[in-house]
Ligand code: UD1
């Protein structure tokens, strides 16, 4: 089949496209080639194993006159949690309107849609409590511990980014009645090809820049925050499965995408340092909290397992090592760019 991948020239899209082509499919990308992500847009186009149509998913005109395709994977999105807190309109336009347009396109053409949402819809997510049972969104009292989020859990986004992802999912409601729709909620996706120039997202890219410059790794807070790091190849395998195994129209499916393993940022720093081919210079703790940042995230994979979707194969340590080894010789933004992004948040009163 021929698959249209919005945001196809980006990190996840390039991996997915190669995976689909290896499986015998054809791919086509619709991508803005945004400067914040694509420092060399021509190289991104050249790397994509199919035609790249330059267009903005939020523009109605980008969706007219597209060639015939058999399925859509909607990846195009604005992804910086911190940046979303002040670029509200831009995030809303791309992540909500763009998703609604992707859904309308799939419904018009009568073809399946796989749309990437985010675990950000859960916000602080599920907490188990000795006294109150289960709490969502925020710990109810001091006796809670974070638990892995399940697909049926309520949405409690704490960032504009998370809100736009939640609204984007809602915009697909009517589409799911007409054509097969799978919504995937990835955790923190890492791997070779991850943006190294975009200081608004991606703690691991920040760590790489610091390691290369022989600087200590900066942790915002104690480093006890947790994330679930998923290797991009594992995400590509899940999306490929979702395309090959569409749900019934009228029964839209939501699936988590994660490793199912909770990793503290301190552990992440250790894995990154272990993968670096130079001595490292420790850790600096910055007493700062970015508005919109959550403390804990981890995916519950019970449903993924139950529907027979592929489970992640990469361990977190190996995924981090793979990213560091593949990215070490690539040019990226200097470590100071991440300080700059933090400064932008500080100036706007979005840190505490
Ligand atoms: C990330 C994704 C987002 C995805 C979401 C799902 C990126 C770029 N963003 O957001 O698209 O939907 O996960 O969970 O991958 N931090 C430091 N030091 C630094 C930089 C960051 O301690 O130098 C901390 C942050 O405060 C935060 C954590 O690292 O606690 C992760 O931040 P970040 O990588 O920007 O991603 P998320 O906000 O988790």
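Residue numbers (the numbering used here): 1 to 352. In this text, a Cβ means the ideal position worked out from N, Cα and C, and glycines have one as well.
Residue i beta carbon near ligand 1 (any heavy atom closer than 7 Å)
i: residue 90; result: no
Nearest-angstrom Cα separation, counted from residue j out to residue i
i: residue 89; j: residue 25; result: 36 Å
i: residue 31; j: residue 55; result: 5 Å
i: residue 180; j: residue 149; result: 24 Å
i: residue 1; j: residue 70; result: 6 Å
i: residue 265; j: residue 68; result: 44 Å
i: residue 100; j: residue 116; result: 12 Å
i: residue 267; j: residue 125; result: 21 Å
i: residue 192; j: residue 328; result: 10 Å
i: residue 280; j: residue 207; result: 11 Å
i: residue 274; j: residue 321; result: 8 Å
i: residue 189; j: residue 130; result: 32 Å
i: residue 253; j: residue 247; result: 7 Å
i: residue 284; j: residue 263; result: 18 Å
i: residue 171; j: residue 96; result: 7 Å
i: residue 8; j: residue 152; result: 28 Å
i: residue 203; j: residue 234; result: 19 Å
i: residue 156; j: residue 137; result: 5 Å
i: residue 11; j: residue 231; result: 11 Å
i: residue 37; j: residue 132; result: 43 Å
i: residue 51; j: residue 27; result: 7 Å
i: residue 315; j: residue 87; result: 34 Å
i: residue 47; j: residue 216; result: 33 Å
i: residue 210; j: residue 282; result: 10 Å
i: residue 382; j: residue 175; result: Residue 382 is absent from the model: the chain starts at 1 and stops at 352.
i: residue 197; j: residue 161; result: 20 Å
i: residue 58; j: residue 166; result: 17 Å
i: residue 33; j: residue 44; result: 8 Å
i: residue 310; j: residue 19; result: 14 Å
i: residue 142; j: residue 128; result: 11 Å
i: residue 144; j: residue 135; result: 8 Å
i: residue 109; j: residue 326; result: 39 Å
i: residue 300; j: residue 122; result: 12 Å
i: residue 353; j: residue 335; result: No statement about residue 353 is possible, as the shown extent of the chain runs from 1 to 352 and does not include it.
i: residue 340; j: residue 98; result: 29 Å
i: residue 255; j: residue 351; result: 32 Å
i: residue 227; j: residue 106; result: 32 Å
i: residue 288; j: residue 348; result: 14 Å
For residue i, the residue or residues it bridges with in DSSP
i: residue 116; result: 184
i: residue 31; result: 54
i: residue 129; result: 133, 144
i: residue 5; result: 29, 73
i: residue 231; result: 190
i: residue 264; result: 226
i: residue 290; result: 351
i: residue 92; result: Answer by DSSP bridge pairing: none, since residue 92 is not bridged.
i: residue 156; result: According to DSSP, residue 156 bridges with nothing at all.
i: residue 256; result: 185
i: residue 220; result: 286
i: residue 149; result: 299
Presumed contact (8 Å Cβ cut-off) between residue i and residue j, rounded CB distance
i: residue 75; j: residue 13; result: 5 Å
i: residue 292; j: residue 118; result: That belief does not hold up - the Cβ atoms of residue 292 and residue 118 are roughly 12 Å apart, past 8 Å.
i: residue 201; j: residue 91; result: The pair is not a contact, with the Cβ atoms about 12 Å apart (cut-off 8 Å).
i: residue 184; j: residue 169; result: Actually they do not touch by this definition, with Cβ atoms about 10 Å apart.
i: residue 187; j: residue 29; result: Actually they are not in contact, since the Cβ atoms of residue 187 and residue 29 sit about 24 Å apart, beyond 8 Å.
i: residue 3; j: residue 94; result: That pair is no contact at about 21 Å.
i: residue 194; j: residue 323; result: 6 Å
i: residue 294; j: residue 158; result: 6 Å
i: residue 17; j: residue 81; result: Contact doesn't hold; Cβ gap of about 26 Å is too wide.
i: residue 214; j: residue 307; result: Between residue 307 and residue 214 the Cβ distance is about 46 Å, and since that is not below 8 Å, they are no contact.
Contact test: residue i Cβ vs ligand 3 heavy atom, cutoff 7 Å
i: residue 305; result: Within the structure as shown, ligand 3 is missing, the only ligands being ligand 1.
Residues around ligand 1, please: the condition is that the C-beta lies closer than 6 Å to some non-hydrogen atom of it. 79, 81, 118, 119, 120, 187, 188, 201, 202, 203, 206, 218, 219, 220, 225, 227, 265, 290, 293, 297, 338
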